[in-house]
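Report on one structure; see the data block that follows.
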Amino acid sequence: MRYSTTLSMLSGIAALSSFATAFPQLAKRADSPDDTCGLSVGGVATTNGYTCTSANTGTCCSQYGYCGATADYCGTGCQAAYGTGCTTGGGGGGSTDPNLCGPSNGGNSCVTGSCCSVNGYCGTTDDYCLPANGCQAAYGICNSTSTGGGGGGGATTDCGPTGGNAACPTGQCCSPAGFCGTTEDYCQSPDCQRGFGTCDSDQTPAGASTADIPRPLIGSVSYDDDIYDCNDHGHIALTFDDGPYIYTNDLLDKLAAYGFKATFFITGVNNAKGAIDSTPAWTSVIQRMIADGHQVASHTWSHADLVTLTEADRRTEMIKNEMAFRNIIGKIPTYMRPPYSSCDATCKATMKALGYHVTYFDLDTQDYLHTTPETNQISKDLVHGIISAANPATSDFLAIAHDIHEQTVHNFTTSMFDDMVTYGFTGVTVGTCLSDPEANWYRNAGSNSK
């Protein structure tokens, strides 16, 4: 993940000054003035949250909280939320989810006999195993020749920028590696190459579009300023991105056991999981979130980088997710989080026009970097250091984690929640930590009739 610094210094100061009266804890992340970065420097917790920029020694923020440009800074443990240029998602042992592999999944390896695809999934067909399709030999086996097991997805046609900007035949998808096929490795969003064939993100939820519904800017929380922080001491806003997934119900059970509430930034059709409004498992878990008193928010339809899209496609990413929410819970959110924390001034203008609060975080758990039992302790130690050093009478946090990772749900959250109880913090939704009444978290979705 990365942060975008989109305001000039003067306009940023002016915007923050006008916003500080009602919400004094909201602030933009600052560029590093001293080559330190993140929320822990040399093992000592800090609230600075500095980001490395081109003005520093390097743009990578190391796991120890210093800016640099070598492998020591950009490699294992590099904090992608506080700089750019990280080259690894962390090392570690065997896969805890047998379907996930590669540097984007904590360096997990596939079980014996399986191949790690270009997108970080384990399998045994040509889609996963051929080097031409991007098979990752460091995380499983690869085959030098076709086994005939492509499932209709064997790479026979080049596509995309690496294939002369050619489009795939009708009904086929263009994979990140630039080959046409029909299996999930080719078609799953957000990696499927838009414009060069079919993608999962092309599907549209049933019912009328929400594009033209009224969008008054309800409530007193600003729609102009990015949200990084809470304004209610003693609370930690718990947020989980990219779900729902097979572990989310377990997380809801755990939240209930601790008496905590959370905000779920939901993506509609990412990672080949199926659309949230037409997959019963996801529909039921989202309905349970509402029934259990949690907050549901948008993380776009397909987890696309909104900055890279046209205005029309950027709106479509939000509208399709709205339609799915409407079909599931009968209303649509007013809070969103941009995938990859990427939303420039143009993107922010779109979000305001659609009536969304752009929401980031000031406590990065780094759970997405440490997804194995061996590496998960890094996230637990990081968060323990921050929470144990904070005074709930004067401190609050807006935390980010991901319910798509088994270790996050079954390991990390237990440690974090125990720390919160021990040191006097309560887990709440983003809306609650901003003192925003629940009525303002959603808007009327309009009629479902076309």
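Counted the way mature numbering (1 follows the signal peptide of the UniProt record, and there is no 0) counts, the sequence shown spans residues -22 to -1, 1 to 428. Heads up, the beta-carbon is just placed ideally off N, CA and C, and yes, glycines get one too. Being a predicted model, the structure only gives us computed values, none of them experimental.
For the putative contact between K251 and Y223, defined by C-beta atoms under 8 Å, what is the C-beta separation to the nearest angstrom?
-> Here residue 251 is taken as the residue at index 273 of the sequence shown, counted from 1. Here residue 223 is taken as the residue at index 245 of the sequence shown, counted from 1. Distance from K251 to Y223 at the Cβ level is roughly 7 Å; contact confirmed, criterion being Cβ atoms closer than 8 Å.
Give the DSSP bridge partners of L341, in chain order.
-> As a position in the sequence shown, residue 341 is number 363, starting the count at 1. A377.
Taking only heavy atoms of the ligand ADP into account, decide whether any of them is closer than 7 Å to the Cβ of A379.
-> By its list of ligands, the structure shown contains no ligand whatsoever, and the ligand ADP lies outside what it can speak to.
Pair within 8 Å by beta-carbon distance, G156 and G175 | Looking up residue 156 in the sequence shown gives position 178. Looking up residue 175 in the sequence shown gives position 197. No.
Residue environment, G149, which counts as buried when at least 16 other CB atoms sit within 10 Å | Taking the sequence shown and counting its residues from 1, the one referred to as residue 149 is at position 171. Label assigned to G149: exposed.
What are the boundary residues of the beta strand (DSSP E) that includes Y99?
-> Sequence index remark: in the sequence shown, residue 99 carries index 121 (1-based). Y99 -> no beta strand (DSSP E), and no H or E assigned at all.
Under the rule that 16 or more other beta-carbon atoms within 10 Å means buried, what is E416, buried or exposed?
-> Numbered from 1 along the sequence shown, position 438 holds the residue referred to as residue 416. When all chains shown are included, E416 counts as exposed.
Assuming N249 contacts Q166 (C-beta within less than 8 Å), just tell me the rounded distance between them.
-> By one-based count along the sequence shown, residue 249 stands at place 271. By one-based count along the sequence shown, residue 166 stands at place 188. About 6 Å; that satisfies the 8 Å criterion.
The alpha helix (DSSP H) spanning P258 covers which residue range?
-> Looking up residue 258 in the sequence shown gives position 280. P258 to A269 is the span of the alpha helix (DSSP H), which, as asked, contains P258.
Which class does I196 belong to by DSSP, given the choice of helix, strand or coil?
-> Within the sequence shown, residue 196 is the residue found at index 218, counting from 1. Coil, per DSSP.
Can you tell me which of S153, I196, N143 and D283 puts its alpha carbon nearest to the alpha carbon of D414?
-> Within the sequence shown, the letter at position 436 stands for residue 414. Of the candidates S153, I196, N143 and D283, the one whose C-alpha sits nearest the C-alpha of D414 is I196.
DSSP bridge partner residues for C107 (one or two, in chain order) = On the sequence shown, position 129 is the one that residue 107 refers to. Answer by DSSP bridge pairing: none, since C107 is not bridged.
Quick one: measure Cβ to Cβ for V285 and C321, integer angstroms, because I've assumed they're closer than 8 Å.
-> Mapped onto the sequence shown, residue 285 falls at position 307. Mapped onto the sequence shown, residue 321 falls at position 343. About 7 Å separates the two Cβ atoms, so the contact holds.
What does Y420 pair with, by DSSP beta-bridge criteria?
-> Stepping through the sequence shown from its first residue, residue 420 is reached at position 442. Answer by DSSP bridge pairing, in chain order: P311.
Measuring alpha carbon to alpha carbon, tell me which of Y236, W279 and F303 ends up nearest I268.
-> Here residue 268 refers to the residue found at position 290 of the sequence shown. For I268, the nearest C-alpha among the options comes from F303.
If you draw a straight line from the C-alpha of D210 to the C-alpha of V199, how long is it?
-> Translated into the one-based positions of the sequence shown, residue 210 becomes position 232. Translated into the one-based positions of the sequence shown, residue 199 becomes position 221. Their backbone Cα atoms lie some 13 Å apart in a straight line.
Can you tell me where the alpha helix (DSSP H) with S366 in it begins and where it stops?
-> Here the question's residue 366 lines up with position 388 in the sequence shown. N354 to S366 is the extent of the alpha helix (DSSP H) around S366.
For K232, which of D50, Y318 and G405 has the nearest alpha-carbon?
-> Residue numbering aside, residue 232 sits at position 254 when the sequence shown is read from its first letter. For the residues D50, Y318 and G405, the minimum Cα distance to K232 belongs to G405.
Closer than 6 Å by C-beta to Y236: which residues in its own chain qualify, once you throw out the five before and the five after it? Chain order, please.
-> In the sequence shown, the residue the question calls residue 236 occupies position 258. F395, listed in sequence order.
Taking all protein chains shown into account, decide if A184 is buried (16 or more other Cβ within 10 angstroms of its Cβ) or exposed.
-> The residue you call residue 184 lines up with position 206 of the sequence shown. The residue is exposed, with fewer than 16 neighbouring Cβ atoms inside 10 Å.
Test item: CB-CB of A379 and F218 under 8 Å | For the purposes of this step, residue 379 is taken as the residue at position 401 of the sequence shown. For the purposes of this step, residue 218 is taken as the residue at position 240 of the sequence shown. Taking 8 Å as the Cβ cut-off, A379 and F218 qualify as a contacting pair.
N389 (DSSP reduced to helix, strand or coil) | Taking the first residue of the sequence shown as position 1, residue 389 is located at position 411. Looking at N389 - three-state DSSP - the assignment turns out to be helix.
Do you know whose CA, among G101, G118 and S122, lies nearest A110's CA?
-> Along the sequence shown, read from residue 1 onward, the residue named residue 110 stands at position 132. For A110, the nearest C-alpha among the options comes from S122.
In whole angstroms, what separates the C-alpha of N426 from that of A186?
-> Within the sequence shown, numbered from 1, the residue matching residue 426 stands at position 448. Within the sequence shown, numbered from 1, the residue matching residue 186 stands at position 208. Their backbone Cα atoms lie some 5 Å apart in a straight line.
From L332 to E352, what does the alpha carbon distance come to, in whole angstroms?
-> Stepping through the sequence shown from its first residue, residue 332 is reached at position 354. Stepping through the sequence shown from its first residue, residue 352 is reached at position 374. Whole-angstrom Cα-Cα distance: 42 Å.
Pick from D203, S366, P311 and Y346: whose alpha carbon is nearest that of Y420?
-> Indexing the sequence shown from 1 puts residue 420 at position 442. Taking only the C-alpha atoms, the option nearest Y420 is P311.
Closer than 7 Å by C-beta to S357: which residues in its own chain qualify, once you throw out the five before and the five after it? Chain order, please.
-> As a position in the sequence shown, residue 357 is number 379, starting the count at 1. T343, Q344, D345, H348 and F390, listed in sequence order.
From this set, K298, V19 and G27, which residue's C-alpha is nearest Q41's C-alpha?
-> Against the sequence shown, residue 41 aligns to sequence position 63. Selected option, being the one with the closest Cα: V19.
N97, buried or exposed, once every other Cβ within 10 Å from all chains shown has been counted against 16 | Mapped onto the sequence shown, residue 97 falls at position 119. Buried, because 16 or more other Cβ atoms sit within 10 Å of the Cβ of N97.
By Cβ distance, which residues of its chain are closer than 6 Å to G131, with the 5 residues on each side in sequence left out?
-> One-based indexing of the sequence shown puts residue 131 at position 153. Model confidence at G131 stands at a pLDDT of 42, short of 50, so the residue's coordinates are unreliable; what they give is reported in the following sentence. The answer, listed in chain order, is D105, G159, T160, T161 and Y164.
For the alpha helix (DSSP H) that contains L230, what are its first and last residues?
-> Residue mapping note: residue 230 aligns to position 252 of the sequence shown, counting from 1. Where L230 is concerned, the enclosing alpha helix (DSSP H) stretches over T226 to Y236.
Would G70 be called buried (16 or more neighbouring beta carbons within 10 Å of its own) or exposed?
-> Mapped onto the sequence shown, residue 70 falls at position 92. Per-residue confidence for G70 stands at a pLDDT of 33, beneath the threshold of 50, marking its modelled position as unreliable; no derived number is given.
Contact check, A253 vs G246, beta carbons under 8 Å | The residue labelled residue 253 in the question sits at position 275 within the sequence shown. The residue labelled residue 246 in the question sits at position 268 within the sequence shown. In this structure, G246 lies closer than 8 Å to A253 by Cβ.
Alpha carbon to alpha carbon, how far is K330 from K298?
-> Locating residue 330 in the sequence shown gives position 352, where the first residue counts as 1. Locating residue 298 in the sequence shown gives position 320, where the first residue counts as 1. Rounded to whole angstroms, K330 to K298 spans 17 Å at the Cα level.
Beta-carbon separation of G118 and S153 under 8 Å?
-> As a working note, residue 118 is residue 140 in the sequence shown. As a working note, residue 153 is residue 175 in the sequence shown. No, these two residues do not count as a Cβ contact at 8 Å.
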